[in-house]
Amino acid sequence: MLLTKKSSSPSGLTAHRAGSPRFVQSLTRGLSHALPTMDRRSFLRRSGLGVGVGLAATQLSLVKKASAAAPGEAVGNSKIEVKRTICSHCSVGCAVDAVVENGVWVRQEAVFDSPINLGAHCAKGAALREHGHGEYRLRYPMKLVNGKYERISWDTALNEITERMLALRKESGPDSLYVIGSSKHNNEQAYLLRKWMSFWGSNNCDHQARICHSTTVAGVANTWGYGAMTNSYNDMQNSKCALYIGSNAAEAHPVSMLHMLHAKETGCKMIVVDPRFTRTAAKADEYIRIRSGSDIPFLFGMLFHIFKNGWEDTKYINDRVYGMDKIKEEVLAKWTPDKVEEACGVPEAQVFKAAQMMAMNRPSTVVWCMGQTQHTTGNAIVRASCILQLALGNVGKSGGGTNIFRGHDNVQGATDVGPNPDSLPGYYGLAEGSWKHFAKVWGVDFDWIKAKYASPSMMGKPGITVSRWIDGVLEKNEFIDQDSNLRGVFYWGHAPNSQTRGLEMKRAMDKLDLLVVVDPYPSATAAMAAMPGKAEDQNPNRAVYLLPAATQFETSGSCTASNRSLQWREKVIEPLWESRSDHMIMQQFADRLGFGKELSKNFKMQQVKGMDEPVPEDILREINKSCWTIGYTGQSPERLKAHMRSMHLFDVKTLKSKGGKDKQSGYDTTGDYFGLPWPCWGTPEMKHPGSPNLYDTSKHVMDGGGNFRANFGVEREGKTLLAEDGSHSLGADITTGYPEFDHVLVKKLGWWDELTDAEKTAAEGKNWKTDSSGGIIRVVMKNHGCYPFGNAKARAVVWNFPDAIPQHREPLYGIRPDLVAKYPTHDDKKAFWRLPTLYKTLQDKNIADKVHEKFPLIMTSGRLVEYEGGGEETRSNPWLAELQQEMFIEINPKVAAEKGIRNGERAWVSTPTGARLNVQALVTERVGPDTVFMPFHFSGRWQGADMLAYYPAGAAPVVRGEAINTGTTYGYDSVTMMQETKTTVCNVERA
Numbered sequence: 000m001l002l003t004k005k006s007s008s009p010s011g012l013t014a015h016r017a018g019s020p021r022f023v024q025s026l027t028r029g030l031s032h033a034l035p036t037m038d039r040r041s042f043l044r045r046s047g048l049g050v051g052v053g054l055a056a057t058q059l060s061l062v063k064k065a066s067a068a069a070p071g072e073a074v075g076n077s078k079i080e081v082k083r084t085i086c087s088h089c090s091v092g093c094a095v096d097a098v099v100e101n102g103v104w105v106r107q108e109a110v111f112d113s114p115i116n117l118g119a120h121c122a123k124g125a126a127l128r129e130h131g132h133g134e135y136r137l138r139y140p141m142k143l144v145n146g147k148y149e150r151i152s153w154d155t156a157l158n159e160i161t162e163r164m165l166a167l168r169k170e171s172g173p174d175s176l177y178v179i180g181s182s183k184h185n186n187e188q189a190y191l192l193r194k195w196m197s198f199w200g201s202n203n204c205d206h207q208a209r210i211c212h213s214t215t216v217a218g219v220a221n222t223w224g225y226g227a228m229t230n231s232y233n234d235m236q237n238s239k240c241a242l243y244i245g246s247n248a249a250e251a252h253p254v255s256m257l258h259m260l261h262a263k264e265t266g267c268k269m270i271v272v273d274p275r276f277t278r279t280a281a282k283a284d285e286y287i288r289i290r291s292g293s294d295i296p297f298l299f300g301m302l303f304h305i306f307k308n309g310w311e312d313t314k315y316i317n318d319r320v321y322g323m324d325k326i327k328e329e330v331l332a333k334w335t336p337d338k339v340e341e342a343c344g345v346p347e348a349q350v351f352k353a354a355q356m357m358a359m360n361r362p363s364t365v366v367w368c369m370g371q372t373q374h375t376t377g378n379a380i381v382r383a384s385c386i387l388q389l390a391l392g393n394v395g396k397s398g399g400g401t402n403i404f405r406g407h408d409n410v411q412g413a414t415d416v417g418p419n420p421d422s423l424p425g426y427y428g429l430a431e432g433s434w435k436h437f438a439k440v441w442g443v444d445f446d447w448i449k450a451k452y453a454s455p456s457m458m459g460k461p462g463i464t465v466s467r468w469i470d471g472v473l474e475k476n477e478f479i480d481q482d483s484n485l486r487g488v489f490y491w492g493h494a495p496n497s498q499t500r501g502l503e504m505k506r507a508m509d510k511l512d513l514l515v516v517v518d519p520y521p522s523a524t525a526a527m528a529a530m531p532g533k534a535e536d537q538n539p540n541r542a543v544y545l546l547p548a549a550t551q552f553e554t555s556g557s558c559t560a561s562n563r564s565l566q567w568r569e570k571v572i573e574p575l576w577e578s579r580s581d582h583m584i585m586q587q588f589a590d591r592l593g594f595g596k597e598l599s600k601n602f603k604m605q606q607v608k609g610m611d612e613p614v615p616e617d618i619l620r621e622i623n624k625s626c627w628t629i630g631y632t633g634q635s636p637e638r639l640k641a642h643m644r645s646m647h648l649f650d651v652k653t654l655k656s657k658g659g660k661d662k663q664s665g666y667d668t669t670g671d672y673f674g675l676p677w678p679c680w681g682t683p684e685m686k687h688p689g690s691p692n693l694y695d696t697s698k699h700v701m702d703g704g705g706n707f708r709a710n711f712g713v714e715r716e717g718k719t720l721l722a723e724d725g726s727h728s729l730g731a732d733i734t735t736g737y738p739e740f741d742h743v744l745v746k747k748l749g750w751w752d753e754l755t756d757a758e759k760t761a762a763e764g765k766n767w768k769t770d771s772s773g774g775i776i777r778v779v780m781k782n783h784g785c786y787p788f789g790n791a792k793a794r795a796v797v798w799n800f801p802d803a804i805p806q807h808r809e810p811l812y813g814i815r816p817d818l819v820a821k822y823p824t825h826d827d828k829k830a831f832w833r834l835p836t837l838y839k840t841l842q843d844k845n846i847a848d849k850v851h852e853k854f855p856l857i858m859t860s861g862r863l864v865e866y867e868g869g870g871e872e873t874r875s876n877p878w879l880a881e882l883q884q885e886m887f888i889e890i891n892p893k894v895a896a897e898k899g900i901r902n903g904e905r906a907w908v909s910t911p912t913g914a915r916l917n918v919q920a921l922v923t924e925r926v927g928p929d930t931v932f933m934p935f936h937f938s939g940r941w942q943g944a945d946m947l948a949y950y951p952a953g954a955a956p957v958v959r960g961e962a963i964n965t966g967t968t969y970g971y972d973s974v975t976m977m978q979e980t981k982t983t984v985c986n987v988e989r990a
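The sequence shown lines up with residues 0 to 990 when you count with numbering that gives the first Met the number 0.
Rendered as structure tokens:
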């Protein structure tokens, strides 16, 4: 925490303190509704351990631990129900029991039986109830009129927006609209939004994953098959050494640290590599400070010592890895200790120690987050981490793997099945075969979908990424690979302040014809849109609408934690005020746009507030029937609900059920892994248990085992890409490498007659990914112990990427021009994700302009424990707002002394974009003399000015501050368009 509590608190805080009427009512209610069974808190209270009225009230406000399946319990004239839900903040997946009294969410308790959070909460999770009943939410639809937001009806909003959408389509085609989806959507909503966009006729959709882990997805998937965390938080308890590089888990994923601390109790070593000494680093056995963006030199520096000392796992590499010989050759020649120290600033002895700790304490694991991903070389950095683990033989091992912590509660699920611009749900590409597969699942004609697109070629062309939508508006039309510039944008559960180049984003917003914000909170988008901009950017015909979406506590559905486990949220309360669920809003737009019947053809409708809403369970069942590629097919709503009611049956290390039936449904969980982590293969009836650790050959495929995916061919440069003899999952009938399965291979092996007649009909002419019966998967896995996607080697060399072997490249904006000549960036790209992208031209210009002299400090960003994402939700929560009331900048004492800045004073931060941010100085040695740090959760102030007047009345966040991304610079990953946020430059002056 930066500050202690102020004596004069922000508006809205005092009402929640002891002595307020609400506090007294809560206390009285807690006493009158005390339940007879004594829980842990009651024991502590009666033992006299509770001190002070505040603590006593906290204890009294919690009821006995209750089963989520328990029916409503009447106490006096009240009805108390316990609803089990999942925290809507980070990706750990903490379970919460919400206590609902007469339809009002009054209390909550962390679920002690959850194998994921073990009864723990972080600050955000502990304040969850306030998110559902937030006072600062958007309560009804609004429209910007003469610079002020005015209330309008839902019918008016939907009709006017639809009319404008259709007008844009007629004038400029379907690609003139851009829809930014959300990683806060549950799986069903994320999936439905991608379907919605497909029926609109454009691939111009994206969501938060683009700017947090798209480089992970691309880099990891192209190394060994799937772009996801290989192991689990729980499995880290089996690690002997953990390397955190680009992850501040103690603040970004606080409850995940429980598992690491348990591991440390049994001897696990912990290394933290970060430009900043974080709360995570405080727990490390070895803290290593590197220059931001120099991860590849450090990781390859470790590999230098591993290869030099013969610490690599030669058998594992021979059997299961392609191209490691080329990696070894490059590392030994190029990344000698002197070159490593020059590039990343870490002396040889420390690099050696880190390599030795990882090699001598196996299985060892690597953890990373956005510290690795948000760079122009993000894809290469994550592949370097993968290569390190392959060299040590750690992948596919319990306690090993790469534990890649995702950010939002459903960023993994939204990535898996949601609105990606380059794929359909389940990572099916945009090829015609994929479209035909989904047309069949959706029950519509393929040609009907094709006719919605501007042309057949646009149907197969990846859309613009969320990181670059502003260029879709501002770029000259002749340089954009689509008919029209973007003219309309939906911000559907996304924070603009989490994106870079804020000044240009403001200009782009002003130029639009249509801007629609769909969110429980109006987000910074609303204030940015209402704030006056430059006269030359104003579009006099622009229309701006705000639509109040329900929170995830006002609907039900599944969400996927970072470890790939799915959990089902019960609806806690009915949608408050005039809010509507996201999937209801999608349906209501679809009805007006002319494809409502097609969108919900396979779904029943339920009545919510007297209106039709697609049933989430039916949407999940459609996902189960379509997403064979990643095994989103075995997690039926019934199985997931049984897991939620039976959490106590699952082991906290392995996640495996210890055996037992769900009392309500009678479902036997024996053998299942908690949340059926994908891939959970085949139909639900096949009862695959889920895959706790990917690529683990020590288990049978029907017990969650597996191997690397054969997704890249069978041979390369005369060398096999298939696994060597003996490298197969336990009990497999094929004991060597093999390609992915299709109807031809199944027939050649003589397994075809093991399909039923109905399965044969569905599987004829298909492969395992498009066989709608799941028959190929069933026969291959259940009868023969093989994996449907084949058995191949992981790729240390990814020949289809710009850098087949990861290369260190200096950032576009840096303070080391001496290194640019040695490690230059990429050449410029044309029509990349529909837009031109600058690399070398911009880097060369920055050197010529001596930008490093004007802006001599590396500016990096990260998370705080108190807030989440863009921060609009959490900064609108009075309990959390009390904890962190100021946007700040961490400055090293040496720099602060040179600038005349004292701790607690105001400072101006200037960047090459022309932005100037007014923030509070925190003078600390957490950062080195070359680096400053700012959190990215703030918005609501703009270059020194408060934006309060531009928010809808009553819907502004309690805490407002400068957004670091108002000042961040241009720069994008060469594969995914991931934005560069971790390594740019600035100057700091005393205000």
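We treat Cβ as the ideally placed atom computed from N, Cα and C, and that holds for glycine.
Inset, instruction - Examine the Cβ distances between the region 220-235 and the region 453-473 and report whether three or more of them are shorter than 8 Å. - result: No contact exists between the region 220-235 and the region 453-473.
Legend entry - Leu744 in three-state terms, based on DSSP: Helix.
Inset, instruction - Throw me the rounded Cβ distance for the Asp174 and Gln481 pair, which I believe falls under 8 Å. - result: Contact between Asp174 and Gln481 holds: CB atoms are separated by about 5 Å, below the 8 Å threshold.
Inset, instruction - Mind checking who Ala944 pairs with in its DSSP beta bridge? - result: According to DSSP, Ala944 bridges with Trp941.
Legend entry - C-beta atoms of Ser497 and Asn964 nearer than 8 Å: Contact: yes.
Legend entry - For Asp324, three-class secondary structure by DSSP: Three-state DSSP puts Asp324 in a helix.
Inset, instruction - Look up Met269 in the DSSP assignment and say whether it is helix, strand or coil. - result: The three-state reading of DSSP puts Met269 in strand, counting E and B together.
Legend entry - Sufficient close CB pairs (3 or more, under 8 Å) joining the region 427-437 to the region 392-401: In short, these stretches do not touch, since the Cβ pair count stays below three.
Legend entry - For His1005, the nearest candidate out of Ile115, Ala383 and Gly146 (CA to CA): Outside the displayed range of the chain (0 to 990) lies residue 1005, so it cannot be described from this structure.
Legend entry - Leu811 in three-state terms, based on DSSP: In the three-state scheme derived from DSSP, where H, G and I count as helix and E and B as strand, Leu811 is classed as coil.
Legend entry - Span separating the alpha-carbon of Ala390 from that of Leu302: So the alpha carbons of these two residues sit roughly 8 Å apart.
Legend entry - Which residues DSSP lists as bridging Tyr694, in chain order: Paired residue(s): none; Tyr694 is not in a bridge.
Legend entry - Beta-bridge partners of Ile890, as assigned by DSSP: Val922, per the DSSP bridge assignment.
Legend entry - Backbone secondary structure at Ile289 - three-state DSSP: Note: Ile289 maps to coil in three-state DSSP.
Inset, instruction - Give every residue of the same chain whose Cβ lies closer than 7 Å to the Cβ of Ser656, excluding the five residues on either side of it in the sequence, and list them in chain order. - result: If the five residues before and after Ser656 are omitted, its C-beta is found closer than 7 Å to the C-beta atoms of Leu648, Phe649, Thr668, Thr669, Gly670 and Asp671, all from its own chain and listed in chain order.
Legend entry - Through-space distance from Met977 to Lys325, alpha-carbon basis: About 27 Å.
Legend entry - Beta-carbon contacts of Gln107 that lie in its chain and below 7 Å, excluding the five residues immediately before and after: Closer than 7 Å at Cβ, skipping near neighbours: Val95, Asp96, Ala97, Val98, Leu127 and Arg128.
Inset, instruction - Mind checking who Tyr148 pairs with in its DSSP beta bridge? - result: Paired residue(s): Leu143.
Inset, instruction - For Arg163, I'd like the list of residues in its chain whose CB is within less than 8 Å of its CB, leaving aside the five on either flank, ordered along the chain. - result: Apart from the 5 residues on each side of it in sequence, Arg163 sits with its Cβ closer than 8 Å to the Cβ of Gly487, Asp512, Leu513 and Ala542 in its chain, given in chain order.
Legend entry - Candidates Leu619, Ala248, Cys385 and Glu723: closest to Pro424 by CA position: Residue Leu619 is the option with its Cα nearest to Pro424.
Inset, instruction - Enumerate, from N- to C-terminal direction, the unbroken alpha helix (DSSP H) stretches of 4 or more residues contained entirely within the region 700-776. - result: Fully enclosed alpha helix (DSSP H) runs of 4 or longer: 742-747 and 756-762.
Legend entry - Pairwise C-alpha distance: Thr559 and Val410: Approximately 8 Å, taken between the alpha carbons.
Inset, instruction - Kindly indicate which three-state DSSP category Met235 falls into: helix, strand or coil? - result: Look at Met235 here: in three-state DSSP terms it is helix.
Inset, instruction - Jot down the residue ranges of each uninterrupted beta strand (DSSP E) in the region 72-99, minimum 3 residues, whole runs only, in chain order. - result: Within the region 72-99, the complete beta strand (DSSP E) segments of 3 residues or longer fall at 72-74 and 77-85, listed in chain order.
Inset, instruction - Note down the Cα distance separating Ala996 from Asp318, rounded to an integer number of angstroms. - result: Nothing about residue 996 can be read from this structure; the chain reaches only from 0 to 990.
Inset, instruction - For Leu863, collect the residues of the same chain with a Cβ closer than 8 Å to its Cβ; drop the 5 residues on either side in sequence, then sort them by chain order. - result: So the list reads Glu250, Gln883, Pro934 and His936, once near-sequence residues are dropped.
Inset, instruction - Enumerate in chain order the residues of its own chain whose CB-to-CB distance from Pro956 is below 7 Å, with the five nearest sequence positions on each side excluded. - result: Only Tyr135, Glu871, Arg874, Ser875 and Gly939 meet the Cβ criterion.
Legend entry - Contacting residues, own chain, Cβ-Cβ under 7 Å from His258 (five flanking each side not counted): Non-local beta-carbon contacts of His258 in its own chain, meaning distances under 7 Å to residues more than five positions away in sequence, involve Tyr232, Asn233, Met235 and Gln236 in chain order.
Legend entry - For Val443, three-class secondary structure by DSSP: Three-state result, Val443: coil.
Inset, instruction - Can you give me the Cβ contacts of Asn986 inside the same chain, cut-off strictly under 7 Å, excluding the 5 residues immediately before and after it? - result: The beta carbon of Asn986 is closer than 7 Å to those of Lys853, Phe854, Pro855, Leu856 and Ser909 in its chain, skipping five residues each way along the sequence.
Inset, instruction - Tell me whether Pro455 is buried or exposed, calling it buried when 16 or more other Cβ atoms sit within 10 Å of its Cβ. - result: Around the beta carbon of Pro455, a 10 Å sphere encloses fewer than 16 other beta carbons of the protein chains shown; the residue is thus reported as exposed.
Legend entry - Between the CA atoms of Gln566 and Thr279 - distance to the nearest angstrom: Going by the C-alpha atoms only, they are around 27 Å apart.
Legend entry - Helix, strand or coil at Trp567 according to DSSP, with G and I counted as helix: When secondary structure is reduced to three states using DSSP, Trp567 falls in the strand class.
Legend entry - Cβ neighbour criterion (16 or more within 10 Å) applied to Gln587: A buried status is given to Gln587, since no fewer than 16 other beta-carbon atoms sit within 10 Å of its beta-carbon.
Inset, instruction - Drop a sphere of 10 angstroms on the beta-carbon of Ser197, count the other beta-carbons inside from all chains shown, and report buried for 16 or more, exposed for fewer. - result: Buried is the call here.
Legend entry - Member of Arg288, Met504, Val81 and Ser578 whose CA lies at the smallest distance from the CA of Ser152: Of all alpha-carbon atoms in Arg288, Met504, Val81 and Ser578, the one lying nearest the alpha-carbon of Ser152 is that of Ser578.
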